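Take 1 as the starting number for the sequence shown in full-length UniProt numbering and just add one per residue. As structure tokens, the structure follows; a few thoughts come after it.
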Amino acid sequence: MKHIVTGIIAHVDAGKTTLSEALLYKAGALSQLGRVDNGDAFLDPDDLEKKRGITIFSHEANLQYQQLNLTLLDTPGHADFGAQTEQVLSVLDYAILVVSATDGVQGYTRTLWRLLDRYHIPTFIFVNKMDAPGVEQEELLTQLQTELSPGCLAFGGDNIADNYEDIALQDDAVLDSYVESDTLSDDVIRQLISQRKVFPTYFGAALKLTGVETLMSGLQRWTNERPRDDKFGARIFKVSHDEKGERLTWVRVTGGALHPRDEVLPDQKINQLRLYNGVKYSVSQSVTAGEVCAITGLTGTRPGQGLGNLAESEPPVLQPVLTYKVDPKGNDLHACLEALRQLGDEDPQLHVTWSSQLQEIRVQLMGMMQLEVIQQLLQHQFNLDVSFDEGSILYKETITDSVEGVGHFEPLRHYAEVHLLMEPAELGSGVTFATNCSLEVLDKNWQHQIMTNLAAKQHLGVLIGAPITDINITLIGGRGSIVHTVGGDFRQATWRAVRQGLMMTKQQGKAQLLEPWYQFRLTVTSDQVGRAMNDIQRMSGEFESPDDTGGNVVTLTGTAPVAEMQGYAQTVNAYTHGQGELECVFDGYQPCYNADDVISAAGYDPVADLENTPDSVFCAHGAGYPVKWDQLPVMAHYPYAKK
Numbered sequence: 001m002k003h004i005v006t007g008i009i010a011h012v013d014a015g016k017t018t019l020s021e022a023l024l025y026k027a028g029a030l031s032q033l034g035r036v037d038n039g040d041a042f043l044d045p046d047d048l049e050k051k052r053g054i055t056i057f058s059h060e061a062n063l064q065y066q067q068l069n070l071t072l073l074d075t076p077g078h079a080d081f082g083a084q085t086e087q088v089l090s091v092l093d094y095a096i097l098v099v100s101a102t103d104g105v106q107g108y109t110r111t112l113w114r115l116l117d118r119y120h121i122p123t124f125i126f127v128n129k130m131d132a133p134g135v136e137q138e139e140l141l142t143q144l145q146t147e148l149s150p151g152c153l154a155f156g157g158d159n160i161a162d163n164y165e166d167i168a169l170q171d172d173a174v175l176d177s178y179v180e181s182d183t184l185s186d187d188v189i190r191q192l193i194s195q196r197k198v199f200p201t202y203f204g205a206a207l208k209l210t211g212v213e214t215l216m217s218g219l220q221r222w223t224n225e226r227p228r229d230d231k232f233g234a235r236i237f238k239v240s241h242d243e244k245g246e247r248l249t250w251v252r253v254t255g256g257a258l259h260p261r262d263e264v265l266p267d268q269k270i271n272q273l274r275l276y277n278g279v280k281y282s283v284s285q286s287v288t289a290g291e292v293c294a295i296t297g298l299t300g301t302r303p304g305q306g307l308g309n310l311a312e313s314e315p316p317v318l319q320p321v322l323t324y325k326v327d328p329k330g331n332d333l334h335a336c337l338e339a340l341r342q343l344g345d346e347d348p349q350l351h352v353t354w355s356s357q358l359q360e361i362r363v364q365l366m367g368m369m370q371l372e373v374i375q376q377l378l379q380h381q382f383n384l385d386v387s388f389d390e391g392s393i394l395y396k397e398t399i400t401d402s403v404e405g406v407g408h409f410e411p412l413r414h415y416a417e418v419h420l421l422m423e424p425a426e427l428g429s430g431v432t433f434a435t436n437c438s439l440e441v442l443d444k445n446w447q448h449q450i451m452t453n454l455a456a457k458q459h460l461g462v463l464i465g466a467p468i469t470d471i472n473i474t475l476i477g478g479r480g481s482i483v484h485t486v487g488g489d490f491r492q493a494t495w496r497a498v499r500q501g502l503m504m505t506k507q508q509g510k511a512q513l514l515e516p517w518y519q520f521r522l523t524v525t526s527d528q529v530g531r532a533m534n535d536i537q538r539m540s541g542e543f544e545s546p547d548d549t550g551g552n553v554v555t556l557t558g559t560a561p562v563a564e565m566q567g568y569a570q571t572v573n574a575y576t577h578g579q580g581e582l583e584c585v586f587d588g589y590q591p592c593y594n595a596d597d598v599i600s601a602a603g604y605d606p607v608a609d610l611e612n613t614p615d616s617v618f619c620a621h622g623a624g625y626p627v628k629w630d631q632l633p634v635m636a637h638y639p640y641a642k643k
């Protein structure tokens, strides 16, 4: 029997969980069809999910249909919980993207589509709510082909041969073969689907079970099981705690097998292998390639981590854009910290930090919905009533030109010097590390120390002390001493080299502040559109020509800085008397439009930040002495690549 792991993803309220329920019901896995609005959905078991009527956490279910064994991973639909959805993508064979027929392709739908492309996930599309009045299948299919991919093709008909020409047009080699033979094999079609050139599209109404069995038949016919590897490998995609507080590490096994008592991490053995179906589970003595399970007994694991022969996943695309300070409201501060650290264990994107100097806890979040959920989780799970401040923007820093950063660390009986080439990279690419240094200059062990230390911390910029991003850092030279270089010397030299390079770019006017931007969709009545356009221009945003879909409703789409649009939803609600709607989706980082004001307000002194100093230490007459960062071009022992 073919085993496939599939995730259901969608924009909020598209009917994702309703479709999951319908699939389980049609396959006989559920005897009664649950409903989100009734609070009895099989895959929304958490009390908070029932209360809010949305999916907040990813959940697993299993079903069998004909010769298909399907593991179904339901994911959150709200953009504020997109990081959890992204974690799940790394373990999927296929995805089912649900699109609401009444809403069409939304901003967050496009975000999900980009994520599916990034993780190379073959995708089936289910257009839901086709029973709504006024919706037209051809118009919706055209929108999918225009906004997502020309390969979105209707697969719901009885005769797939009617689609052969449209399918063949998605690949030149397949088209040549089709012109000669006038036919396509199922294997060729399955290959095009797995290559993300064709996206089978189905239409229906999940609440009325319309089109659901057709989709299941499509999954049975048009999917391929992932090849299995004999060597053990597994990908962690989620960490949670059960109702008794026991820590669960969720994995997809890609090769080999898992057994209780296996040591999958140094000095860490598996206690139990749990196979979940909703909130219920069974304990297994073996989990093989292709299966999903929850492991007990592991600590320190995190989403994206690889076990066995799998490497770490790439850093997630979806990142928090706001930071909040916790107001304990009289609760013990350290009890709040421990509770938040448990939530941060489940969602590393919270980045829970504690400042002993300021005696404050800070968390990073995507938006107001996530903030409200965190408050309710603290109240429900830990009996802690807390609040948060108004929040501030998470800025980032980058460089606009290449620079050679140098760090030298030579107190008495220590010695290390590191030269790094720092180059600007594409927006959204993060920070990458590489080496281009001869082993005759720095031996393998020293290079390994440098590369390890480069990745060991979050490097801060020198404009406001924000994390750096979109920079390629390459080791190009340095020096060590067989006699004097000891552990930690290259760490100090490496970190100082990064900061020294950043200071050089600041001096040259080549350091740049970045801020997060939203992609927004604002719906107002025609008499309010002038106000809306003025607001967006005042917020330094940009928008396309207003979309008048008929009647009295106008839609504006565009982008704007998060700093300006934060809280605008309440303003829209006020001036439209609750009739307007604002949808915001994180659209990445762009150069800060008012950088000088932000830098001035921050008042950050990079030289005074001793934990991230750009200065170096040299030695003379048997004693170490400090050397300012701007003197390195003169003082460095190893020659600059170019002066």
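Backbone N, C-alpha and C fix where the C-beta goes; we use that ideal spot for every residue, glycine too. Since the model is a prediction, treat every value here as computed from it, not as a measurement.
I need the straight-line Cα distance from residue i to residue j, nearest angstrom please.
i	j	result
Leu378	Phe199	41 Å
Ala425	Ile471	5 Å
Asp615	Val352	29 Å
Ala83	Asp187	34 Å
Lys457	Gly300	17 Å
His577	Asp13	22 Å
Arg362	Asp230	44 Å
Pro591	Asp597	13 Å
His3	Thr18	23 Å
Gly256	Thr288	6 Å
Asp489	Glu417	9 Å
Ile536	Ile599	24 Å
Gln364	Gly290	34 Å
Pro467	Pro606	13 Å
Pro328	Pro320	22 Å
Gln375	Leu340	10 Å
Asp117	Tyr94	12 Å
His259	Cys619	56 Å
His78	Thr111	12 Å
Met503	Arg491	19 Å
Gln349	Asn163	43 Å
Glu312	Phe232	15 Å
Thr323	Ile9	27 Å
Do we get a CB-CB distance below 7 Å when we pair residue i with the residues of chain C?
i	result
Gly255	Structure shown: chain C not included; a single protein chain is present.
Relative to the alpha-carbon of residue i, which residue among the options has its alpha-carbon at the smallest distance?
i	options	result
Ser402	Gly501, Gln67, Pro150	Gly501
Trp113	Asp229, His11, Lys444, Val386	His11
Ser181	Gln195, Glu165, Ile193	Glu165
Ser481	Arg531, Ser429, Ile295, Leu412	Leu412
Trp446	Asn552, Met422, Ile476	Ile476
Thr210	Glu338, Asn128, Met635, Glu404	Asn128
Glu136	Leu421, Asp262, Ile193, Gly204	Gly204
Ser545	Pro561, Met565, Thr523	Thr523
Met565	Gln519, Met1, Arg228, Asn594	Gln519
Ile193	Ile125, Asn159, Ala132, Glu138	Ile125
Arg226	Val406, Ser177, Leu92	Leu92
Leu556	Val253, Gly580, Lys506, Leu337	Gly580
Leu610	Gly465, Ser540, Gln528	Gly465
residue 645	Pro266, Gln268, Ser284	Since the first and last residues shown for the chain are 1 and 643, residue 645 lies out of range.
Under the rule that 16 or more other beta-carbon atoms within 10 Å means buried, what is residue i, buried or exposed?
i	result
Pro122	buried
Val251	buried
Val585	buried
His448	exposed
Ala61	buried
Pro315	exposed
Arg499	buried
Thr452	exposed
Gly461	buried
Gly183	Before going on, a small fix: residue 183 reads as Thr here, not Gly. With fewer than 16 other Cβ atoms within 10 Å, it is exposed.
Asn436	exposed
What is the C-beta distance between residue i and residue j, in whole angstroms, given that I count them as a contact (C-beta under 8 Å)?
i	j	result
Thr296	Glu246	6 Å
Val292	Lys26	About 21 Å separates the two Cβ atoms, so there is no contact after all.
Val239	Leu307	In fact, because the Cβ distance is near 13 Å, the residues do not count as touching under 8 Å.
Leu24	Leu63	5 Å
Leu420	Thr474	7 Å
His484	Ala636	Not confirmed; about 17 Å, so no contact.
Regarding residue i and the ligand ATP, is the C-beta to nearest heavy atom distance less than 6 Å?
i	result
Thr102	Ligands are entirely absent from the displayed structure, and the ligand ATP is therefore not among its contents.
Stretch-stretch touch, CB-based, cutoff 8 Å, three pairs: the region 566 to 577 with the region 528 to 538: yes
Cβ pair count under 8 Å reaching 3, the region 212 to 225 against the region 132 to 148: no
Given 8 Å, three or more beta-carbon pairs between the region 391 to 400 and the region 495 to 515: yes
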